[in-house]
Structures are given as structure tokens and as C-alpha cells.
DNA sequence: TGAAGTTAGTTAGCATAGCTAACTATATTA
DNA sequence: TAATATAGTTAGCTATGCTAACTAACTTCA
């Protein structure tokens with residue numbers, strides 16, 4: 001019981017405080033932006049999976065599940081929904097009959113890009129009050145965090 | 154059709170680019186951190202509502218729904234779940250019989266703080282690779298974004 | 001004062017999204 | 001070729017979001 005927060009070294013508590021604020025801010029930011037996606041008619045999980053396909057090329061179901069950090073049964077239903085909406089096309093792997101290749105249809109690409117446009121423009125419009133210096137600061141720290149994510153265990 | 158992105162002024166495209174990266178980074182960051190919350194046995198919506206109560210004091214159901222940007226029926230079920238787990242206590246408003254006052258129990262405060270500790274420590278541990286300057290940069294831009302959120306339309 | 005309207009919250013019913021356990025079908029290996 | 005491993009699906013649970021329709025309580029005002 002001797003290792004309380006207040007006894008940690010200053011760097012560690014600074015990290016803790018930043019992590020706390022960062023976490024809370026990210027949650028609230030996404031909660032706002034997410035509402036823009038309702039217009040697409042597809043849920044967040046489907047849009048996110050579709051985005052992986054559009055920007056990362058065709059994937060098997062297992063690859064998609066791994067990319068989205070979700071279990072295969074969950075991705076199975078997400079892909080089924082996307083296929084039902086004709087946003088992805090599924091073909092069998094000629095080498096391995098168990099595998100499927102999932103790729104976006106033109107309709108899927110279009111829907112994703114339009115939704116992305118809406119969402120990002122909405123977010124961007126709220127960044128309009130920032131000074132160029134503040135915007136640059138946000139941009140730099142976003143890249144720092146993106147690097148942290150790439151090196152995530 | 155003449156107002157394409159490529160014809161917008163430089164400041165506007167800078168905002169757009171930052172918004173895009175920010176959005177994607179926030180999504181992936183939260184997806185990682187969220188897994189730590191599973192240990193608490195409560196879902197994200199309940200933990201988030203409980204957090205509002207712990208840090209913001211007692212609220213009515215409507216106030217909680219507004220704070221969480223969710224419709225009343227949704228919050229009704231979230232609160233019912235928290236009450237079932239004995240994490241909040243519900244009392245009638247003596248002034249207005251329609252209203253309820255929702256407040257965290259000691260058990261609720263404890264669970265939230267422990268979960269928060271776990272989650273934030275996990276996130277903080279991944280910020281350990283940052284230099285003090287980088288950490289400061291992230292801290293500053295987080296505050297900039299928090300301000301943007303406060304002024305959100 | 002009492003009928004009409006407003007407000008707070010609930011109930012019912014739908015869809016999405018996450019999970020585990022148990023299954024099928026195909027490949028691989030001993 | 002028989003046993004095992006891998007890819008994906010199905011079934012069934014929980015949680016979270018919504019709208020529509022409801023109940024109960026408060027407010028207004030003729």
C-alpha cells in the first residue's frame with residue numbers, strides 16, 4: 001500500500017494526468033462526430049470495416065477481424081450486413097476453399113467517401129476557431145499519438 | 154460542383170487534414186483502451202454515466218441523458234443496470250414527483266476509480282516512450298480540443 | 001377548480017454490435 | 001488415410017442505441 005499515486009515520480013504522474021484528459025477528450029470528441037455517420041444508414045462497425053477494405057484493399061474475414069480487433073463471429077455478421085447492402089463483394093479464395101476474399105464495391109467506396117467527407121468536414125468546421133498555431137499543435141500531437149499506436153504492444 | 158476540396162483555401166484544407174487524422178487516431182486509441190474496461194464487469198455506457206455522477210454529483214435521468222448525449226429511454230436502461238449492480242442509488246425528488254435523483258454509491262465510486270486507474274495506467278504506460286516535450290505537446294493539444302468541445306454548437 | 005397541456009420517465013419493440021460455445025467444411029500432417 | 005488444425009458460421013446471450021406509445025405528475029388558465 002506504499003506505492004500510491006502521490007508517491008510516484010513526477011514524470012509518471014504527468015503521464016497519468018495527460019492520459020486521463022486524453023481519454024476523456026477522445027471519448028467526447030468521437031461521441032459528437034459519430035452522429036454525423038447516422039446519415040449513411042450504416043452503423044459504426046460496418047463503416048469502420050468498410051474503411052479498412054477501401055484503404056487497405058481486399059481482406060479475408062479473419063484479417064478484417066484482426067484489423068478491427070474483433071472476434072470472427074462478430075466480423076462475420078458485420079460483413080454479412082455490408083454484403084446485404086451491396087457495399088462489399090465476397091469471392092471464394094481459389095487456393096483455399098475455407099477463405100473468402102472481401103472487397104468493397106463501387107457503391108461501397110462511394111458511400112464511405114461521402115460519409116468520410118461529411119464527418120471530417122463537420123469536425124473540421126469545429127476546428128475553425130483555432131489559430132494556425134493551435135491547429136499545428138493538434139496536428140503534431142496527433143502524429144505523436146499515431147506513432148504510439150503503431151508501437152502498441 | 155465547383156466547390157471541390159482542392160479549391161478550398163489552404164487553411165481550410167489544413168483543418169480538413171488534421172480533422173481526418175485526429176478522427177482516425179481517436180478511434181484507434183479508444184479501441185485499445187476500452188479493452189481494459191472489460192475487467193470492471195460493466196459496459197462502456199454504464200461506466201461513462203457513472204463517471205458523470207462521480208465527478209459531477211447527483212443528476213436526474215434527463216440531465217444524465219443530456220450529459221451523455223443519449224435519449225431518455227437509453228439512459229433509463231443504463232441507470233437500471235447501474236442500480237441492479239448497486240452502483241447508484243435512486244431517490245425521489247421531494248419537490249417534483251416525476252424526477253429522480255441519481256447518485257453513486259460508495260461501491261460505485263470505488264468501482265469507477267479502480268477502473269479508471271487501470272485504464273489510465275494502461276494508456277499512460279504506452280505514453281512512456283514519449284519525451285517530456287512530446288508529452289507536453291499532447292497535453293496542450295488535448296486542452297485545446299477540450300476547449301473546442303466546450304464550445305461545440 | 002378542474003380540464004387541458006406539458007414534462008419526466010418507462011415500456012415495448014427493433015437493429016447493431018460485442019462475446020462464447022458449438023458446429024461445418026476444408027486443409028494439413030502424421 | 002485418419003487425426004488434427006484452421007476458416008468461417010450459427011445459435012444464443014448481453015449491452016446500447018433508436019422511435020413510438022404509454023403512465024404519472026406537475027402547470028396553466030378559463
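Protein chains in written order, with the working numbering: chain A, 1 to 153; chain B, 154 to 306.
Think of the CB as a built atom: it goes at the ideal place given N, C-alpha and C, for glycine as much as any other residue.
Here the structure is a predicted model, which is why all the values come from computation and not from measurement.
How about residue 243(B) and residue 231(B): are their beta carbons less than 7 Å apart?
Taking the second chain and counting its residues from 1, the one referred to as residue 243(B) is at position 90. Taking the second chain and counting its residues from 1, the one referred to as residue 231(B) is at position 78. Taking 7 Å as the Cβ cut-off, residue 243(B) and residue 231(B) do not qualify as a contacting pair.
Hey, quick one: how far does the beta strand (DSSP E) through residue 89(A) stretch, first residue to last?
Taking the first chain and counting its residues from 1, the one referred to as residue 89(A) is at position 89. That run of the beta strand (DSSP E) goes 88-92.
Using 8 Å as the cut-off, can you tell me whether the stretch 214-228 of chain B makes contact with the stretch 168-184 of chain B, which would need three or more C-beta pairs spanning the two stretches below that distance?
No: fewer than three Cβ pairs fall under 8 Å.
Using Cβ-Cβ distances below 9 Å, what residues of the stretch 119-131 of chain A are close to chain B?
So the close ones are 119, 120, 121, 122, 123, 124, 125, 126, 127, 128, 129, 130.
Rounded to whole angstroms, what is the Cα-Cα separation between residue 268(B) and residue 95(A)?
For this step, residue 268(B) is matched to residue 115 along the second chain. For this step, residue 95(A) is matched to residue 95 along the first chain. Going from the Cα of residue 268(B) to the Cα of residue 95(A) covers about 46 Å.
Between the Cα of residue 104(A) and the Cα atoms of 48(A), 16(A), 148(A), 21(A), which residue gives the shortest distance?
Indexing the first chain from 1 puts residue 104(A) at position 104. Answer by Cα proximity: 48(A).
Do you know how far the Cα of residue 120(A) is from the Cα of residue 173(B)?
Looking up residue 173(B) in the second chain gives position 20. Looking up residue 120(A) in the first chain gives position 120. If I take the Cα positions, the gap works out to 6 Å.
Roughly how many whole angstroms lie between the Cα atoms of residue 214(B) and residue 221(B)?
Mapped onto the second chain, residue 214(B) falls at position 61. Mapped onto the second chain, residue 221(B) falls at position 68. Rounded to whole angstroms, residue 214(B) to residue 221(B) spans 11 Å at the Cα level.
Nearest chain A C-beta to residue 173(B) closer than 7 Å, yes or no?
Here residue 173(B) is taken as the residue at index 20 of the second chain, counted from 1. Output row for residue 173(B): interface = yes.
Sort 11(A), 13(A), 18(A) by Cα distance to residue 292(B) and report the nearest one.
The sequence position of residue 292(B) within the second chain is 139, counting from 1. The candidate whose alpha carbon is nearest that of residue 292(B) is 18(A).
I'd like the ranges of any alpha helix (DSSP H) spanning at least 4 consecutive residues and lying wholly in the stretch 6-72 of chain A.
Counting whole runs of 4 or more residues, the stretch 6-72 of chain A contains the alpha helix (DSSP H) stretches 10-34, 44-56, 61-67.
Please report the Cβ distance between residue 44(A) and residue 34(A), rounded to the nearest whole angstrom; I am assuming they are in contact, meaning their Cβ atoms lie under 8 Å.
Your numbering for residue 44(A) matches position 44 in the first chain. Your numbering for residue 34(A) matches position 34 in the first chain. Indeed, because the Cβ distance is near 6 Å, the residues count as touching under 8 Å.
Could you give the C-beta distance for residue 261(B) and residue 207(B), rounded to a whole number, given that I count them as a contact under 8 Å?
Residue numbering aside, residue 261(B) sits at position 108 when the second chain is read from its first letter. Residue numbering aside, residue 207(B) sits at position 54 when the second chain is read from its first letter. Correct: roughly 7 Å between the Cβ atoms.
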